[in-house]
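Shown next, in C-alpha cells, is the structure this report addresses.
Protein chains: 2
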Amino acid sequence: MQSFAQLAAQFNQFFERDHFPSFPGSLYDPNRHFLQIGGKRIRPVLCLMGNELFSSIHPSTWNAATAIELFHNFTLIHDDIMDKAPLRRGVQTVHEKYGNNTALLAGDVMLINAYAYLNKVPASSLPAILSLFNKTAIEICEGQQLDMDFENQLEVSLVAYLQMIEKKTSVLLAAALMIGALLGGASERNQQLLYSFGLKLGLAFQVQDDYLDAFGDPAIFGKLVGGDILADKKTFLLIHALDTADASARERLLYWQKRPGGGKVAEVLSIYKSCQVDAWALQLKQQFLDEAMADLDQIAVVSSRKQSLQSLADYLLQRQI
Amino acid sequence: MQSFAQLAAQFNQFFERDHFPSFPGSLYDPNRHFLQIGGKRIRPVLCLMGNELFSSIHPSTWNAATAIELFHNFTLIHDDIMDKAPLRRGVQTVHEKYGNNTALLAGDVMLINAYAYLNKVPASSLPAILSLFNKTAIEICEGQQLDMDFENQLEVSLVAYLQMIEKKTSVLLAAALMIGALLGGASERNQQLLYSFGLKLGLAFQVQDDYLDAFGDPAIFGKLVGGDILADKKTFLLIHALDTADASARERLLYWQKRPGGGKVAEVLSIYKSCQVDAWALQLKQQFLDEAMADLDQIAVVSSRKQSLQSLADYLLQRQI
C-alpha cells in the first residue's frame, strides 16, 4: 500500500510522456501548454488507490488514471472558456493564449484522447468502465450547466446546490476510485461502497472549500478571503445563511448579490457569523466525512489496506492551504 | 439490400427517440433543438449499409449508427460556435439561441452521449470500434484546426488541402462504413477496402461541393453561386487556379483575398474559367470516384450486395442540389 505522495510521484512520471502528436502544432501545442501547468493529480491517484485497495496495481490502471486526468483537464479547459478565466495557477489559460476556437477544439481533442487511454484497459472490463466513465462525464456536464444556471438565480436550495456539487465535482472522485476498484477485481458491493466514499469525500471537500474561502486564514490559505462573496458565488455558506438569517439580515444578503462595494465582504461575513454559518459548515463537513469513513469501514478488505485512503482523507479534509 | 431512402427512413424512426433526459432542461433543450433541425443522415446510413454489405443488419448497428450521427451533430454544434454561424438549415444554431457557454457544453454532452451509444455494441467488437471511433474523432478535430489555420494563410498547397479535407470530412464517412462492416462480420481486408472507398467518396464529394459553389446552376443548386469566393474559403478551385494561373491572374486572385467588392465573384470566376479549373475539378472528382469504385469492386462479396452503395455514390456524385 503506497501513500498519496508515492503514487502521485509515480503517476507524474507516467503522465509526463507526450500525449499528443506534433502535427498540427496549432492544435496540440495548446494541449501541451495546459498539461504543463500541472495539478495535484488527486483523481488519477484515487484511481490507483482504488485499485491498490484490493490488489497490486494492474498495469492498465495507469492508463485508466491517465484517462481520468486527461478528462479532468478537458473540463478545466472548457470551464476556463465559460468562466472567461485568464489564469490558472498563475499561467495563461488556453483560450487566453490561443483564442476561444482553438481552446474549444483543444478541449475536444483532450476528451477524445481520454477515451483513447480508456480503451487500453482489458477488453473484459471495458464495457463496465466505459459505462461508468460516460455516466460520470455526463453528470459533470450537467453539474457545470447547473452551476451556470445558479448564477442567474437569486436563491438556490441546499438540496439543489448539493446535487450540483455532487455532479460537478464529487462524481469524478467517486468514479476514479471505482474504476480503480474494478480493475483491482473488487466485488460489486465493494465497488459501490468505495464510490459512495468518494462522493461523500467530495462533498466534505467542497464544504471545506467554501468555508476556507470565507473563514480561512489568508496567510495559510494563500489567497484573499471572500473571493466567493465578491464573485456572488452560491456556496454552502450563502445558502445556509439565506435559509436561517432573520428578515433584515436576509434582505442585506440579497441586497449585496450582484452589487460591488467596498464593505461587501465584511458585511456578508458578519451576517454569516451572526447566523453561525461557520460552525454549521464545520459540522456539515464532519458529517460528510463521517459518512465517507463509514463507507470505507464497510469495505471488505483488511483494514491495513485502507490506511492510505484514510490518510488521504485526513490530509485533504484538514488542509488549511 | 435496402436503398439509402429505405435505410434513412428506418434510421430516422430509430433516431427520433429522445436521446436526453429532461433535467436539466437548460442543458438538454439545446441538444433537442439542434437534433430536430434534421439532416440527411448520410453517415449513419453508411454505417447500416456497411453492415448490410456483408450480412443482415445486426441490432447493435442501429446504436453504432446513432453514435456516429450524434458525434456528427457534436461537431456541427462546436463548428457553428467557431464559425459564428447564426443559422443552420434556416434554423437558429445552438449558440445563437442559447449562448456560447451552453452551446459548448451541449456539444460536449452530445459527444459523450455518442460514446454511450457506442458502448451498446457487442463487447467483443467494442475495443476495435472504440479505437476506430477515437482515431476518427481525433482526425476530425485536426481537420477542423487545419481548416481554421488555412484561413490565415494566403496560399495552401493541394496536398495540404487534401489532407485537411480527408481529416475534416472523409474519415467519418469511411469510419461509418467500416464500423458497419465490422459489425457485419467483414474480414479485415474487406473492412479496409470499404474504408478506402469511403475516403475517396468523401474527397469526390468535396470536389463536387467546391465545384458547385462556383459553377452550379443557382436555380438547381438552391443557393447563391460564389459563396466560397466571397468568404475567401480555400477550395480545390482556388488552389488549382493559384497553381496554374499566369502571373497577372495569380496577382488578381491574391488581390481579392480578404477584400470585399462587387466585382469579386465575377472576376475570380472568370480567372477560374481561363485556367480551366472547372474541367480540372470535374476530372479530379471523376478520378476520386473511379478510385472509390475500384475499392468497392475489390470487396469480396457478390456484386449484387454492392448495388445500394453504388447507387448511393451515383446519387451523391451527380447531385445538382
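Line order of the protein sequences matches chains W and B. Read in my numbering, the first sequence has 150 at position 150, and its numbers run on one by one without any break. Every position in the second sequence, counted from 1, becomes a number in my numbering once 1000 is added. All residues carry an ideal CB built from backbone N, CA and C; glycine is no exception. Remember, predicted model here, so these are calculated numbers, not experimental data.
Which residues DSSP lists as bridging residue i, in chain order
i: residue 199 of chain W; result: None, per the DSSP bridge assignment.
i: residue 1252 of chain B; result: Its beta-bridge partners do not exist; DSSP assigns none.
i: residue 88 of chain W; result: W:91
With 16 other Cβ atoms within 10 Å as the buried cut-off, status of residue i
i: residue 206 of chain W; result: buried
i: residue 1171 of chain B; result: buried
i: residue 1071 of chain B; result: buried
i: residue 329 of chain W; result: In the structure as shown, chain W begins at 1 and stops at 321. Residue 329 of chain W is therefore absent and cannot be evaluated.
i: residue 193 of chain W; result: buried
i: residue 15 of chain W; result: buried
i: residue 1307 of chain B; result: exposed
i: residue 23 of chain W; result: exposed
i: residue 1234 of chain B; result: buried
i: residue 1142 of chain B; result: buried
i: residue 1227 of chain B; result: exposed
i: residue 1315 of chain B; result: exposed
i: residue 214 of chain W; result: buried
i: residue 1295 of chain B; result: buried
i: residue 154 of chain W; result: exposed
i: residue 292 of chain W; result: buried
i: residue 1090 of chain B; result: exposed
i: residue 1302 of chain B; result: exposed
i: residue 107 of chain W; result: buried
i: residue 1124 of chain B; result: exposed
Own chain, CB closer than 6 angstroms to residue i, minus 5 neighbours either side, in chain order
i: residue 1199 of chain B; result: 1170 and 1174
i: residue 186 of chain W; result: 54
i: residue 1211 of chain B; result: 1281
i: residue 203 of chain W; result: 170 and 288
i: residue 1184 of chain B; result: 1051, 1054 and 1055
i: residue 167 of chain W; result: 139, 142 and 143
i: residue 310 of chain W; result: none
Neighbourhood of residue i by C-beta, 7 angstroms cutoff - its chain only, sequence neighbours within 5 removed
i: residue 1045 of chain B; result: 1004, 1007, 1008 and 1011
i: residue 305 of chain W; result: 1 and 53
i: residue 224 of chain W; result: 218
i: residue 958 of chain B; result: Since the first residue of chain B shown is 1001 and the last is 1321, residue 958 of chain B is not available in this structure.
i: residue 1080 of chain B; result: 1088, 1093, 1094 and 1095
i: residue 998 of chain B; result: In the structure displayed, chain B extends from 1001 to 1321; residue 998 of chain B sits before or after that span and is not available.
i: residue 1268 of chain B; result: 1229, 1253 and 1256
i: residue 241 of chain W; result: 253, 271, 272, 275 and 277
Near the ligand SAH: residue i beta-carbon under 7 angstroms from a heavy atom
i: residue 161 of chain W; result: Looking for the ligand SAH in the displayed structure turns up nothing, as the structure carries no ligands at all.
8 angstroms Cβ shell around residue i - same chain, five flanking residues per side excluded
i: residue 1100 of chain B; result: 1081
i: residue 285 of chain W; result: 204, 207, 208, 211 and 317
i: residue 1129 of chain B; result: 1064, 1118, 1121, 1179, 1182 and 1183
i: residue 145 of chain W; result: none
Residue i at chain C interface by Cβ criterion, 8 angstroms
i: residue 1111 of chain B; result: Although the question refers to chain C, the structure presented lacks it and instead comprises the protein chains W and B.
Segment contact flag, the segment 1254–1267 of chain B with the segment 1170–1184 of chain B, C-beta cutoff 8 angstroms, min 3 pairs: No contact exists between the segment 1254–1267 of chain B and the segment 1170–1184 of chain B.
Segment contact, 8 angstroms Cβ cut-off, at least three pairs: the segment 1108–1121 of chain B with the segment 1057–1071 of chain B: When Cβ pairs closer than 8 angstroms are counted between the two stretches, the segment 1108–1121 of chain B is seen to touch the segment 1057–1071 of chain B, the count reaching three or more.
Contact set between the segment 1130–1146 of chain B and chain W, restricted to residues whose Cβ is under 7 angstroms from the partner: Taking 7 angstroms as the Cβ-Cβ cut-off, the segment 1130–1146 of chain B approaches chain W at 1130, 1131, 1134, 1137, 1138, 1141, 1142, 1144, 1145 and 1146, given in chain order.
Near-chain B residues of the segment 114–131 of chain W - C-beta to any C-beta below 7 angstroms: Answer set for the segment 114–131 of chain W: 115, 116, 119, 123, 126, 127, 130 and 131.
Interface positions of the segment 1009–1042 of chain B facing chain W (Cβ-Cβ less than 7 angstroms), listed along the chain: Of all residues in the segment 1009–1042 of chain B, 1024, 1026 and 1027 have a Cβ within less than 7 angstroms of some Cβ in chain W.
Positions along the segment 62–89 of chain W whose CB lies within less than 7 angstroms of some CB in chain B: The segment 62–89 of chain W vs chain B, Cβ under 7 angstroms: 78, 81 and 82.
The segment 1236–1247 of chain B contacting the segment 1266–1279 of chain B, beta-carbon criterion three pairs below 8 angstroms: These segments touch.
Given 8 angstroms, three or more beta-carbon pairs between the segment 147–156 of chain W and the segment 1147–1156 of chain B: No, the segment 147–156 of chain W does not touch the segment 1147–1156 of chain B.
Contact list for the segment 155–179 of chain W against chain B, Cβ threshold 9 angstroms: So the list is empty, because no residue satisfies the distance condition.
Contact set between the segment 1272–1297 of chain B and chain W, restricted to residues whose Cβ is under 7 angstroms from the partner: Near chain W, meaning a CB-to-CB distance below 7 angstroms, no residue of the segment 1272–1297 of chain B qualifies.
Members of the segment 1048–1060 of chain B that neighbour chain W once the beta carbon cut-off is set at 8 angstroms: Within the segment 1048–1060 of chain B, no residue qualifies.
Members of the segment 1180–1191 of chain B near chain W, C-beta cut-off 8 angstroms: For the segment 1180–1191 of chain B, which is checked against every Cβ of chain W, not one residue is closer than 8 angstroms.
Members of the segment 1190–1207 of chain B that neighbour chain W once the beta carbon cut-off is set at 8 angstroms: Those residues of the segment 1190–1207 of chain B placed with their C-beta closer than 8 angstroms to a C-beta in chain W do not exist.
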